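>
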Amino acid sequence: MLFSQGHDRGSRKNKFLLRNRAAGLRIPDILKHTATLGPIGYLPVAPGTFGTIVCVIFLFIVRPSGTVLLLLIPAFAVLGTISSHFAEISFGEKDSHHIVIDEFTGFLVSMLFLDISILNLMLAFIFFRFFDILKPPPVRSFETLFKGGTGVMMDDIMAGIYANITVRLCNLLIKTL
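Taking my numbering, the leading residue of the sequence shown gets 296, the next gets one more, and so forth.
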C-alpha cells in the first residue's frame, strides 16, 4: 500500500506507484521536501523557529482573511500529515526536527480570525513557539496519542490554538488599558 509504513521500498510495484513519470521524481521525495519546506528544515539551528518565521512572512505579505485561513488550515493539515508520514519514514525517526510544515500549519492556526498586524504576528510568534516547545497538557498527549504524520501535526495545531487564545487575551488586556 502507498501509505503503509511497512512497504518494501525495493519492490517494482512500489517503485511504479511512487514515481512521477513526467518529472522522474519519486513522490516520497517531493513529500519529504514539502514536510521540510524545502531547505528550511535542514537549517543547522532552530529549523522549527525558521519554519514559523516563513509563515510569519507569508501572512505579512499575503494578509489572508480569516475565511481564507479557515480554508488553508485543513489543506495544510492534510498535506502536512501525508508529507510528515513519508518524511518520518525517509529520515527514520519519529517527528524529525527536519519536519517543519507542522510549525507552518500551527502558526496559521495561531493567527486564525486575528488581525494580521505586526503586534499580533509578534505575540502569536512568541506564544506559539512557547507552547510548541513547552507542550503543556494536553498538547504533549496529542503527539503520543496519534501516530505518524497525524501525531506530528496535532501537537502543533494544539499549540496554535493555545497561542490564538493567548493573543486574544492579550488584545483584550491591551484594549482595557
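Using N, Cα and C, we set each Cβ at its ideal position, and we do this for glycine too. From a predicted model like this one, the values you see are computed outputs, not experimental measurements.
So, under 8 Å CB-CB, S412 and F423 are touching, yes? Tell me the CB distance rounded to an integer number of Å.
Between F423 and S412 the Cβ distance is about 16 Å, and since that is not below 8 Å, they are no contact.
> Compare the beta carbon distance of L429 and G361 with 8 Å and say whether it is the shorter of the two.
Cβ distance not < 8 Å, so L429 and G361 don't count as in contact.
> If distances are taken between C-alpha atoms only, which option among N415, G387, F420 comes closest to L467?
Of N415, G387, F420, the residue nearest in Cα terms is N415.
> Which term fits Y337, buried or exposed, when burial requires 16 or more other beta carbons within 10 angstroms of its beta carbon?
Label assigned to Y337: exposed.
> May I ask you to report which of helix, strand or coil DSSP gives R358?
Residue state, collapsed to three classes: coil.
> What do you get for T439, buried or exposed, if any count of 16 or more other CB atoms within 10 angstroms of its CB means buried?
T439 should be labelled exposed.
> Mind reading off the beta-carbon distance from A330 to S379? Whole number of angstroms is fine, and I expect it under 8 Å.
Right, the Cβ-Cβ distance comes to about 5 Å (below 8 Å), so this counts as a contact.
> Leaving out the 5 sequence neighbours to the left and right, which residues in its chain are closer than 8 Å to R463 when beta-carbon positions are compared?
Closer than 8 Å at Cβ, skipping near neighbours: L409.
> Using the C-alpha atoms, what's the distance from P433 back to E398?
Taking the straight line from one Cα to the other gives about 17 Å.
> Report the rounded CA-to-CA distance for P342 versus F441, giving the unit in angstroms.
Looking at the two C-alpha atoms, the distance is approximately 23 Å.
> Taking the alpha-carbon positions, what's the T471 to Y457 distance?
Straight-line Cα distance between these residues: approximately 21 Å.
> Identify, in the order they occur along the chain, each residue of the same chain with its Cβ nearer than 7 Å to the Cβ of K389, setting aside the five sequence neighbours on each side.
E383, listed in sequence order.
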